[in-house]
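First residue of the sequence shown: 189, per the working numbering; consecutive thereafter. All C-beta atoms, glycine included, are put in the ideal place defined by N, C-alpha and C. To keep things clear, I will list the structure first and then write my remarks on it.
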Amino acid sequence: MASCAEAATPNTEATPTLVSAAESPPAIPTIAPTAEPTATPIIVPAAAVPATVGCTRGTVRTEDEIAIGALYPLSNPQMMANGFAMLAATNLAIADINERGGIGGKTIRAVIYDSASDPAQGALFAERLITLDCVTAIVGIFHSDVAIAVKDVAVQYHVPVIFADPYADEVTADWAPEIFRIAPTHSMLIETMGEWLNALGDYNRDGERLAVVIAENTEFGRSRLQRFEETLPQVGVKTVGFPIDLPSDDFSPVIARIVALDNLPDAIFLYLHNGNVMSLAKQLIDAGIGPERNSLLVTTSKILDDQRFWQEVPNGDFLIAMQIGPWPSTITQMGQSFAMRFQQYFHRWPEGSAFEAYDAVWLIADAIGRADSLVPNAIIDALEKTDITLAAGHYNFPYGSSSPPDAQGVAPYLWHQWPTPPILYLQYTETNQLSSQMQVIWPPAYSNGSPPIAPKLKELIDQIGLHR
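Here it is, written out as structure tokens:
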């Protein structure tokens with residue numbers, strides 16, 4: 189059984205450093221969770237459990253406390269760092285809400301289980317949360333396949349869910365009334381890339397707008413390459429995709445294929461989900477492919493671990509990272525407070541999934557408070573009317589029952605989708621620069637229109653005394 193314990197109590201002797209870079213991987217902190225995660229459920233066959241067994245959902249005033257369910261990957265070795273970061277963020281949100289009087293004066297409590305990155309286990313615990321733990325709503329979830337399994341259960345029992353971090357378009361594309369999401373979708377990530385490349389134009393002035401995408405040769409990587417190759421030509425960017433077999437530390441074959449292209453790319457995207465992306469970046473630069481030749485290198489947030497980055501890629505000036513989630517220069521006041529307390533546990537800037545886990549709790553609490561009800565329809569209606577600034581930004585869900593996506597001419601996945609999650613392109617502009625001091629070069633709302641910089645442009649700026 190999940191048990192209720194005290195909310196997370198930070199180590200007051202720890203000194204938060206908002207400018208510190210991510211450490212990889214972090215040690216799992218000792219945190220007293222609001223609810224002890226467990227992987228040993230009481231198995232209740234779905235067919236034997238009516239939606240209302242043991243649980244009544246009325247008004248806030250009739251409850252002693254309000255239970256919220258959450259599911260995170262807490263035992264998968266590759267995902268534990270993300271899972272425990274999201275767990276800590278959830279506990280911090282619970283503590284903050286209760287310190288402010290809870291919801292209508294009632295304490296909010298989290299019941300948290302380990303999804304183990306497994307859709308079947310996620311679905312099993314979602315059913316337990318709804319039918320035995322009597323949660324009012326479910327928040328969190330990291331993986332898309334787990335989210336889709338949990339979604340089926342939530343729809344069956346008509347319980348609202350705010351998904352924190354799954355990216356698959358399919359999570360919201362079928363317009364389930366109970367389902368909301370605050371992470372960006374795969375399509376949104378690629379559309380952001382296309383918008384940036386469209387603004388970038390023919391960056392190296394060779395007469396061709398060309399992007400190269402390098403991804404791992406897996407089902408996930410091949411699917412990503414296919415999306416790029418289908419989407420980017422729509423904005424006039426020729427796209428060439430190169431899959432890489434992993435594990436590998438020798439990237440000379442793919443480098444040779446890039447060199448053999450008729451024109452060097454304006455941008456090269458390095459998307460190795462499980463590979464050594466820093467080694468790939470270094471080998472590209474050593475081969476003369478990169479900013480020195482006006483081919484911008486764009487990679488994942490792994491390079492935001494600045495200490496490791498500069499050790500492994502000492503000539504990595506002008507590399508660009510795609511960051512999902514706020515950054516020190518874009519953060520809200522609430523987000524700044526959350527980041528400081530998060531760093532007392534993890535000693536790094538919170539990843540986007542941690543911000544999402546924190547804000548998801550606040551969003552459901554805000555909706556319950558405005559609805560003054562635990563009835564699902566009332567909460568769903570309140571969520572559709574969300575208009576609130578939290579840690580990661582200003583939230584709303586403009587496409588829902590009163591304004592469906594097809595009526596507005598937008599993509600189906602925008603149903604109950606936060607349309608403006610922070611998708612940032614950050615660039616190192618100095619050797620040994622702290623990642624927290626990187627320039628935000630995209631989107632314009634956060635960058636003030638700052639273009640990407642390369643060595644020749646930087647030299648000119650330095651010569652004439654301009655400062656970015």
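The distance from the Cβ of L458 to that of L485 is about 7 Å, consistent with a contact at the 8 Å cut-off. Excluding residues up to 5 positions away in sequence, N405 lie with their Cβ nearer than 6 Å to the Cβ of D433 in the same chain. The C-beta distance from V563 to R245 rounds to 6 Å, short enough to fall under 8 Å.
Contact check for A298 against A258 passes: the beta carbons are separated by less than 7 Å. Excluding sequence positions up to five before and after L385, its CB lies within less than 8 Å of the CB of R397, A399, L420, V423, V425, D454 and A455, all in the same chain and listed in chain order. When beta bridges are read from the DSSP output, F457 appears opposite V401 and V486. Apart from the 5 residues on each side of it in sequence, N462 sits with its Cβ closer than 7 Å to the Cβ of E404 and L434 in its chain, given in chain order. Short of 7 Å from the beta carbon of P593, and not among the five residues preceding or following it, lie these beta carbons of its own chain, in chain order: Y587, A599, P600, L602 and W603.
In its chain, beyond the 5 residues on either side, I296 have a beta carbon closer than 7 Å to the beta carbon of G290.
Secondary structure at W630: strand, using DSSP grouped into helix, strand and coil. Scanning its chain for C-beta atoms nearer than 6 Å, with the 5 sequence neighbours on each side dropped, one finds around A342 the residues V349 and E366, in chain order. One thing to note: A371 has its Cβ within 7 Å of the Cβ of E544.
Its Cα nearest to that of D252, the residue C322 stands out among A595, R316 and C322. In terms of Cβ geometry, Y616 and D437 do not form a close pair [threshold 7 Å]. DSSP links D302 through a beta bridge to Y260.
By the neighbour-count criterion, in which a residue is buried when 16 or more other Cβ atoms sit within 10 angstroms of its Cβ, N279 is buried. The Cβ-Cβ distance between D494 and S623 falls below 7 Å.
V338 carries a helical assignment under DSSP once its states are collapsed to helix, strand and coil.
Contact between the segment 574-583 and the segment 537-554 is established, with three or more Cβ pairs separated by less than 8 Å. Annotation: Y601 is outside any beta strand (DSSP E) and is labelled neither H nor E by DSSP. With respect to Q511, L377 sits apart: the two C-beta atoms are not nearer than 7 Å. DSSP places G328 in the strand class (E or B) of the three-state scheme.
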